[in-house]
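Each remark here refers to the structure printed beneath this line.
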Amino acid sequence: MAAETARRYTSEGGRVAVVDLDPDRAEAVAEELDDAVAIGCNVADEESVRNAVASARQMLGRIDHVFNAAGHVSFAPIDDYPLAEWQRTLDVHLTGTFLVCRHVLPSLREAGGGAIVNTASVAALIGMGHLAAYAAAKGGIIAFSRQLAVEVGPEIRVNVIAPGSIRTPMTEPVWLKRGRGDFERGTAVTAEEAILKRVGEPAEIASTVCFLLSDEAGFFTASVLVPDGGMTAI
0 MAAETARRYT SEGGRVAVVD LDPDRAEAVA EELDDAVAIG CNVADEESVR NAVASARQML
60 GRIDHVFNAA GHVSFAPIDD YPLAEWQRTL DVHLTGTFLV CRHVLPSLRE AGGGAIVNTA
120 SVAALIGMGH LAAYAAAKGG IIAFSRQLAV EVGPEIRVNV IAPGSIRTPM TEPVWLKRGR
180 GDFERGTAVT AEEAILKRVG EPAEIASTVC FLLSDEAGFF TASVLVPDGG MTAI
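Written as structure tokens, this is what we have:
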């Protein structure tokens with residue numbers, strides 16, 4: 000989703016810093032784009048986040064918009080879920096979102112305001128088996144984002160997307176497992192969970208994110224948009 004959002008954002012005239020735990024992956028995406036920069040960062044580490052924000056500010060000249068989309072997921076029943084994995088999931092999703100927002104606020108204020116979009120999930124809104132840590136982290140992102148919106152408004156808008164099943168590198172192994180080794184079967188099983196009977200594509204999330212970052216969404220803050228194909232209605 001993040002890479003596709005970067006493509007959409009640059010296609011509309013913006014410049015981006017592509018930030019990833021893997022610097023080579025960030026560089027590969029940035030090389031596709033006009034005037035983009037690549038930065039390696041571990042969002043769960045405060046010093047790494049501080050340095051990444053400073054580098055983005057220096058290389059881009061200013062920061063107006065932020066999209067937090069770092070992801071990690073693992074599945075297990077609660078009574079078998081290791082504490083270390085619970086902590087890792089919260090560190091990447093919830094703490095990572097907090098750290099990026101915290102350290103980017105001075106740059107946004109320096110630019111005269113801006114917009115932040117954080118990434119939650121339908122797992123924060125409905126019960127789903129074996130996803131307790133992920134759901135807790137995503138629910139925390141929604142709650143944190145609302146509090147942040149109150150604190151930094153009206154100059155800075157903060158919104159959240161809570162996607163359903165989207166075709167990404169993180170979800171594809173899950174669908175392969177659901178299909179017992181047959182990826183297409185796993186995708187079809189997943190698609191049955193939504194009213195639209197299909198999974199979402201990264202471009203559909205990118206358009207939603209870019210809308211929330213744009214002036215067209217100027218009256219949106221502390222909101223949660225749920226691009227899920229109707230999954231939460233079933």
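Residue numbers (numbering that gives the first Met the number 0): 0 to 233.
Cβ coordinates follow ideal geometry from the N, Cα and C atoms, glycine included.
Contact set for residue i: own chain, Cβ-Cβ below 7 Å, skip 5 residues either direction
{"i": "His129", "result": "Phe74, Ala75, Pro76"}
{"i": "Met169", "result": "Gly70, Val72"}
{"i": "Arg14", "result": "Asp34, Ala35, Leu59"}
{"i": "Asn41", "result": "Leu20, Ser47"}
{"i": "Ala2", "result": "Val28"}
{"i": "Thr9", "result": "Val15, Leu32, Asp33, Ala35"}
{"i": "Ala134", "result": "Ala122, Ala123, Met127"}
Cut-off 8 Å between Cβ atoms - residues of its own chain near residue i, not counting five sequence neighbours on either side
{"i": "Ala110", "result": "Arg61, Ile62, Asp63"}
{"i": "Thr207", "result": "Ile160, Leu224, Pro226"}
{"i": "Glu203", "result": "Ile165, Pro226"}
Burial state of residue i (16 or more Cβ within 10 Å)
{"i": "Ile233", "result": "exposed"}
{"i": "Arg7", "result": "buried"}
{"i": "Phe218", "result": "exposed"}
{"i": "Pro201", "result": "buried"}
{"i": "Pro162", "result": "buried"}
{"i": "Gly95", "result": "buried"}
{"i": "Arg166", "result": "buried"}
{"i": "Gly228", "result": "buried"}
{"i": "Leu234", "result": "What the structure shows of the chain is the stretch from 0 to 233, and residue 234 is not part of that stretch, so it cannot be assessed."}
For residue i, the nearest candidate out of the options (CA to CA)
{"i": "Gly138", "options": "Val149, Arg145, Ala123, Ala131", "result": "Ala123"}
{"i": "Val191", "options": "Asp214, Leu212, Thr231", "result": "Reading off the sequence, residue 191 comes out as Glu, not Val. Out of Asp214, Leu212, Thr231, Thr231 has the C-alpha closest to the C-alpha of Glu191."}
{"i": "Cys209", "options": "Glu84, Gly180, Ala114", "result": "Ala114"}
{"i": "Asp90", "options": "Arg24, Ala202, Ile140, Leu211", "result": "Ile140"}
{"i": "Leu212", "options": "Arg108, His102, Ile155, Ser144", "result": "Ile155"}
{"i": "Glu171", "options": "Gly199, Glu150, Asn67", "result": "Gly199"}
{"i": "Phe97", "options": "Arg108, Pro153, Val116", "result": "Val116"}
{"i": "Ala5", "options": "Thr189, Ala37, Val188", "result": "Ala37"}
{"i": "Ala55", "options": "Gly185, Gly39, Ala221, Ala136", "result": "Gly39"}
{"i": "Ala216", "options": "Glu183, Ala193, Arg145, Asn158", "result": "Asn158"}
{"i": "Val65", "options": "Val103, Arg87, Ala131", "result": "Val103"}
Beta-ladder partner(s) of residue i, from DSSP
{"i": "Phe66", "result": "Val116"}
{"i": "Asp79", "result": "Partner(s): none; Asp79 has no beta bridge."}
{"i": "Asp19", "result": "Gly39"}
{"i": "Val223", "result": "Val159"}
{"i": "Gly199", "result": "Ile165"}
is_contact[residue i, chain B] using C-beta, thresh 8 Å
{"i": "Ser106", "result": "Considering every chain present, this structure includes no chain B. It has just one protein chain."}
Nonlocal neighbours in the same chain, by C-beta distance under 6 Å from residue i, ignoring five residues either side
{"i": "Ala68", "result": "Met0, Ala1, Thr118"}
{"i": "Lys196", "result": "Ala190"}
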